[in-house]
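Undergrad: The sequence shown begins at 380 in the numbering used here and counts up one residue at a time.
Below: one structure in structure tokens.
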Amino acid sequence: MRPELDDHPSHLPADAPRGVWGAVMLAIDDRGAIDWEATEETIARLCASGVDGIYSNGTACEFHCQTEPEFDRLCALVAAIAGRARLPFQIGISQSNPRVARERLMRMSAIRPAAVQFTLPDWWPPSDGEVMRFVGGLCETAPDIPLVLYNPPHAKRRLTLEAIARLRAAVPSLVGAKLPGGDPGWYADMRRELPGFSVFVPGHTLATGFAQGAHGSYSNVACLNPKCAVMWWQTIRTDVAAAAEVETRIQAFLATHVLPFRARYDVSDAALDKAMAAAGGWAPLGPRLLWPYSSVPDEAIATLAEAARMTLPEWWQ
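Below you can see the structure in the form of structure tokens.
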């Protein structure tokens with residue numbers, strides 16, 4: 380580990396996210412509808428797990444399949460439960476229609492999230508000028524709410540670190556980004572281009588990412604076991620070798636038991652996250668996704684759960 384980076388999250392501005400954040404996920408009933416009671420219980424358990432915050436309407440929350448009434452109901456639920464737990468929460472306003480995303484932001488201003496996450500407009504990849512106009516427009520719509528860019532590998536418009544730095548300079552409320560990370564050269568560029576800016580990386584790379592200057596994760600590992608994702612985060616900050624050894628096992632588990640589901644069942648990343656949550660057994664969640672997306676079959680979950688417990692036995696002691 381680079382010693383000068385040991386406590387780098389503490390150097391962020393007060394409104395910038397850091398640490399391990401857990402994804403809100405939807406419980407889906409046998410009819411294919413959202414089971415609101417089970418979803419409420421899931422959110423409450425996530426809040427009680429020790430995560431640094433929760434966020435709704437990322438990929439694992441199936442934001443791309445929600446109706447506007449479902450979006451509003453879920454956001455109100457997240458705000459109420461996180462508020463009772465005194466836990467920071469973020470709301471994803473992502474929508475392929477940028478005007479709808481902006482309308483969502485207007486409505487969310489009333490519930491005062493710690494930040495809102497957004498993707499770039501995704502039906503037609505926006506130009507540099509259109510990206511600046513869109514993100515600047517979000518800032519103008521709710522200037523007091525911090526913004527977090529969600530720019531995953533499958534986005535139609537991927538921004539370079541230099542482009543994010545230019546965007547940050549122009550949009551004062553942009554405080555962070557959820558990015559896929561990269562090699563040591565990428566992290567060196569990140570440290571140079573984005574000082575004092577919160578960069579979150581995938582949960583299964585958090586030990587490596589933190590050592591290179593990342594500040595936390597909107598964590599897929601928390602989908603599997605949020606309490607133990609938090610325990611691992613504590614290890615990451617105190618015991619480099621032990622954290623790296625756990626990361627190796629997490630990545631082996633994903634490569635051997637989770638990622639093959641993509642081709643075997645022709646499913647999305649959201650299906651993989653939901654399958655891990657079902658296998659983790661920490662909440663009343665099954666693997667089912669909202670229509671029309673396919674999910675990992677129920678009969679595969681028991682085998683996945685056994686593999687998780689064999690790979691990371693200390694997480695289920």
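Just so you know, even glycine gets a beta-carbon here, dropped at the ideal spot from N, CA and C.
Note that the structure is a prediction, hence the values are computed from the model and not measured.
1) Drop a sphere of 10 angstroms on the beta-carbon of Asp362, count the other beta-carbons inside from all chains shown, and report buried for 16 or more, exposed for fewer.
2) Considering only the beta carbon of each residue, do Ala593 and Val578 sit closer than 7 Å?
3) Quick test of your reading: Leu540 and Asp568, contact by CB under 8 Å. State the CB separation rounded to the nearest angstrom.
4) Would you say the beta carbon of Arg537 comes nearer than 6 Å to a heavy atom of the ligand MG?
5) Quick check on the burial criterion: 16 or more other C-beta atoms within 10 angstroms. Buried or exposed for Glu678?
6) Buried or exposed for Glu693, going by 16 or more other Cβ atoms inside 10 Å?
7) Roughly how many whole angstroms lie between the Cα atoms of Phe589 and Val399?
8) Look up Tyr529 in the DSSP assignment and give the residues it is bridged to.
9) Between the beta-carbon of Thr421 and the beta-carbon of Ala662, is there less than 7 Å?
10) So if DSSP puts Phe468 in a beta bridge, which residue, or which two residues, is it bridged to?
11) Pull up the distance between the alpha-carbon of Leu553 and that of Ala489, whole angstroms please.
12) Helix, strand or coil for Tyr672 per DSSP?
13) Identify whether Pro382 lies in helix, strand or coil by the three-state DSSP scheme.
14) In chain order, what residues of the same chain lie with their CB nearer than 7 Å to the CB of Cys454, ignoring the 5 residues before and after it?
15) Give me, in chain order, the residues of the same chain whose beta-carbon lies closer than 6 Å to that of Thr690; leave out the 5 immediate sequence neighbours on both sides.
16) Out of Met485, Leu528 and Arg537, which one is the CA nearest neighbour of Pro504?
17) Since I believe Val457 is in contact with Ile472 (beta carbons under 8 Å), could you give me their beta-carbon distance rounded to a whole number of angstroms?
18) Ala395 to Pro574, Cα distance in whole Å?
19) Nearest by alpha-carbon distance to His636: which of Ala654, Val527 and Ala622 is it?
20) Distance check for Leu651 and Ile407, CA to CA, integer angstroms please.
21) Please report how far the alpha carbon of Lys535 lies from the alpha carbon of Leu528, in whole angstroms.
22) Please classify Thr617 as buried or exposed, where buried requires at least 16 neighbouring CB atoms within 10 angstroms.
23) Can you look up Gly411 in the DSSP assignment and give me helix, strand or coil?
24) Using CA atoms only, rank isn't needed, just tell me which of Ala544, Ala548 and Ala586 is closest to Arg571.
25) Just to confirm the assignment, what range does the alpha helix (DSSP H) spanning Val479 have?
26) Taking C-alpha atoms, which residue in Cys444, Ser598, Leu603 and Ala623 lies nearest to Gln591?
27) Give me the Cα-Cα distance between Val619 and Pro525, rounded to the nearest whole angstrom.
28) Check Phe576 in the structure and name its three-state DSSP category.
29) So who's on the other strand from Ile401, going by DSSP bridges?
30) Exposed or buried, what is Asn604 when buried is set at 16 or more other beta-carbons lying within 10 Å of its beta-carbon?
31) Would a C-beta distance cut-off of 7 Å place Cys440 and Leu466 closer than the cut-off?
32) Closer than 7 Å by C-beta to Ser674: which residues in its own chain qualify, once you throw out the five before and the five after it? Chain order, please.
TA: This is what the structure gives:
1) The structure shown does not extend to residue 362, since the chain is modelled only from 380 through 696, so no value can be given for it.
2) Yes, the pair counts as a contact, with Cβ atoms nearer than the cut-off.
3) With a Cβ gap of about 5 Å, Leu540 and Asp568 count as contacting.
4) As for the ligand MG, it is missing from this structure, which has no ligand bound.
5) Residue environment: Glu678 is assigned as exposed (fewer than 16 neighbouring CB atoms within 10 Å of its CB, all protein chains considered).
6) With fewer than 16 other Cβ atoms within 10 Å, it is exposed.
7) Phe589 and Val399: Cα-Cα distance of roughly 11 Å.
8) Note: Tyr529 sits in a beta bridge opposite Lys557.
9) Against a cut-off of 7 Å, the Cβ pair of Ala662 and Thr421 comes out as a contact.
10) Phe468 has Ile433 as its beta-bridge partners, per DSSP.
11) Their Cα atoms are separated by approximately 19 Å.
12) Annotated three-state conformation of Tyr672 is coil, per DSSP.
13) Confidence at Pro382 is low in this model, with a pLDDT of 39, below 50, so the placement of that residue should be treated as unreliable; the coordinate-derived value is given next. DSSP places Pro382 within a helical segment (H, G or I) once states are collapsed to three.
14) Taken in chain order, the residues that qualify are Ser435, Ile470, Met487 and Ile490.
15) Cβ-Cβ distances below 6 Å link Thr690 to Arg628 and Phe632 in the same chain, with the five nearest sequence neighbours on each side left out; the list follows chain order.
16) Considering only Met485, Leu528 and Arg537, the residue with the shortest C-alpha distance to Pro504 is Arg537.
17) No, Ile472 and Val457 are not in contact; Cβ-Cβ is about 13 Å, not under 8 Å.
18) The alpha-carbon atoms of Ala395 and Pro574 are separated by roughly 12 Å.
19) Of the candidates Ala654, Val527 and Ala622, the one whose C-alpha sits nearest the C-alpha of His636 is Ala654.
20) Distance between the alpha carbons of Ile407 and Leu651 is about 15 Å.
21) Taken atom to atom, the span from the alpha-carbon of Lys535 to that of Leu528 is near 14 Å.
22) Burial call: exposed.
23) DSSP, reduced to helix, strand and coil, places Gly411 outside both helices and strands of the structure shown, so it counts as coil.
24) Considering only alpha carbons, the answer is Ala544.
25) Following the DSSP letters along the chain, one finds Val479 inside the alpha helix (DSSP H) bounded by residues Pro477 to Met487.
26) Per the Cα distances, Ala623.
27) Spanning the alpha carbons of Val619 and Pro525 requires a straight line of approximately 31 Å.
28) For Phe576, the secondary structure class from DSSP, reduced to helix, strand or coil, is coil.
29) Reading off the sequence shown, one finds Gly at residue 401, where the question assumed Ile. Looking at the DSSP output, Gly401 sits in a beta bridge with Ile433.
30) Counting Cβ neighbours within 10 Å, Asn604 comes out buried, since at least 16 surround it.
31) Not a contact, by the Cβ cut-off of 7 Å.
32) Around Ser674: Val646, Ala650, Lys653, Pro666, Arg667 and Leu668.
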